[in-house]
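Structure record follows, encoded as structure tokens.
Numbering (our numbering), first residue to last: 181 to 798.
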């Protein structure tokens, strides 16, 4: 009986050990993001432990299942191997879960989401995934991982590890008792006796999304998203298909016709599209942002056509590229660019440009395998591709690829040679990607992530300014439209209000060059990246077949809208209102201005039908 009691205590202690670990993990997360924790207040912070306990207990029970089962069979197979197996499993889990602890903290800083399957596609290129972190972050992350792993391993050994005296003994009578105890784990695993098992929405208790995210158990969230990947069903169905299509068409159809605008000096100008990595309107003075981060872009805005209400449709490059070149909305979780079987059927701007007689090329100073970009570009029908393999390693920063000055110099060199016109050239910069390794001085310092961001974009701005100066000296410039556009929205610099508010997705788009008829103008139409291909092709009198989500930016209407997605949520806005929605909690994150009910319906309809389109593509 004495050993039986000790056995029960061990099992309870084992599960409690993991609950204690997850309490520590939540404390770590709140301290890591202390500024955000201060914003929600200590009362709200304490609630994260109360509401998060359900998922903590659930995953602690998952982790207890194998040790409980081994412990149970030790009653009929009295072997020291049982103790060894329990201990080996536990130490492995401590090391692995501690690694996830630090990955989760870094991921949240960059993406604003807790650890989930969004990480997995990047494992194909681990060196580039690691590249998002600075050397200092990597060193301290590894040190922290080791310290946490060792500390909890020692704690387990000193307090929890079973004593062979009460483990290694046969007891056929106790076997069914412990088997029953093992079976009861299903109750905390599923979160109780209710019909629907516990899920993320159970811990979402606050109007502040950071508080909700802090309540989530990061390991539960990670493994839950792995085991609940799409099964071919649409989780975003809000209306019957006919009604959803009607909602979209009623908003979109009036915005499709070609307005009588006199924009270009020639019917077939050369097009140079510069995609500026991670540039946010928050640091562009001409868009109401910080004045001194992008001085060249601010000056160029005065001599070009500036789109002041332009938005990214996503917050990663592999979301932005299909939005820009295929007019295709990104999905709340999946990335279509990573699925060649689906991207083959997408409409492609480069293919349409080729049909119009354009030579097409794409320049990038990094690894095109990242995010499966290479396959997407090949499917897009681009004739010439220049990537990081064509640059000397000495010209690379230590992480992503060639520095922007080296990369853009190669772009200039190629454009200096005699060009077959018309041409369509795309250049994607990279120096302003995390960890913001640049040449020269860091104008705004390196003391904070936001200042690193500012310094990197100030550097890239100087390179873009130099390129435009070069372009103006070329014979082809007078017949060329240069488009400068960010590839996606960004969380830096930190902004007031919800993390996923339109401020994160507001980006610059500037048209300039000799082919632009009306320089020095501003277009305040609400639009987004998915509208770019549709608008450009209509200006060039090209075929817009397949671009089913885009609309004409120059169609002046108060009904113009932009729609963006983020991890399990969306935002839809017009000039008069904004509606941001979270699918986990099924509540609005932000609802301001006029016609928010209409924006609610439109946003849900777009999310539903774009995801259905995604599912049906083969």
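We put the beta carbon where it would ideally sit given N, CA and C, even for glycine.
Residue 323 sits exposed, since fewer than 16 C-beta atoms from the chains shown fall within 10 Å of its C-beta. Of the candidates 574, 686, 589, 686 places its Cα closest to the Cα of residue 463. As the crow flies, the alpha-carbon of residue 274 is around 38 Å from that of residue 634.
Residue 326 and residue 591 have their C-alpha atoms spaced approximately 44 Å apart. Residue 770: not part of any alpha helix (DSSP H); member of the beta strand (DSSP E) spanning 767-773, first to last residue. For residue 620, the number of other beta carbons within 10 angstroms of its own is below 16, and it is reported as exposed.
For residue 769, the number of other beta carbons within 10 angstroms of its own is at least 16, and it is reported as buried. Counting only runs of 3 or more residues that sit fully inside the region 434-475, the beta strand (DSSP E) segments are 450-456, in chain order.
Inter-segment contact for the region 464-481 and the region 624-641 is present: three or more beta-carbon pairs are separated by less than 8 Å. Distance check between residue 533 and each of 718, 389, 435 places 718 closest, using alpha-carbon atoms only. CA-to-CA, the gap between residue 374 and residue 360 works out to about 20 Å.
Straight through space, the alpha carbons of residue 688 and residue 484 are spaced by roughly 12 Å. For residue 664, the enclosing beta strand (DSSP E) begins and ends at 660-666. Residue 631 has its alpha-carbon roughly 20 Å from the corresponding atom of residue 677. Restricting attention to alpha helix (DSSP H) runs no shorter than 4 residues, the region 511-597 encloses them at 520-523, 529-535, 553-559, 584-596, ordered along the chain. Here residue 228 is buried, its C-beta having at least 16 other C-beta atoms within 10 Å.
In this structure, the beta-carbon distance from residue 247 to residue 220 does not fall below 7 Å. When only Cα atoms are considered, residue 489 and residue 669 end up about 13 Å apart. In the structure shown, residue 670 adopts coil according to DSSP, grouped into three states. Taking all protein chains in view, the Cβ of residue 572 is surrounded by fewer than 16 other Cβ atoms within 10 Å, so the residue is classified as exposed. Residue environment: residue 617 is assigned as buried (16 or more neighbouring CB atoms within 10 Å of its CB, all protein chains considered). For residue 248, the secondary structure class from DSSP, reduced to helix, strand or coil, is helix. The DSSP-derived three-state label of residue 486 is strand.
The C-alpha of residue 280 is placed about 7 Å away from the C-alpha of residue 399. Boundaries of the beta strand (DSSP E) around residue 690: 689-692.
Rounded to the nearest whole angstrom, the C-alpha separation of residue 714 and residue 655 is 28 Å. Considering only 260, 357, 478, 711, the residue with the shortest C-alpha distance to residue 645 is 478.
Using a 10 angstroms sphere on the CB of residue 530, the tally of other CB atoms reaches 16 or more, which defines it as buried.
Burial state of residue 486 is buried, judged by a 10 Å Cβ sphere holding 16 or more other Cβ atoms. Our two residues, residue 798 and residue 405, have alpha carbons roughly 23 Å apart in a direct line. Rounded to the nearest angstrom, the Cβ distance from residue 729 to residue 507 is 6 Å, consistent with a contact under 8 Å. With fewer than 16 other Cβ atoms from the protein chains shown falling within 10 Å of its own Cβ, residue 625 counts as exposed.
Note that the region 450-468 touches the region 596-613; at least 3 beta-carbon pairs, one per stretch, sit closer than 8 Å.
Membership of residue 762 in the beta strand (DSSP E) is indicated by the continuous run 757-762. For residue 213, there is no enclosing beta strand (DSSP E), as DSSP marks it with neither H nor E.
The shortest CA-to-CA distance from residue 612 to any of 594, 587, 595 is the one to 587.
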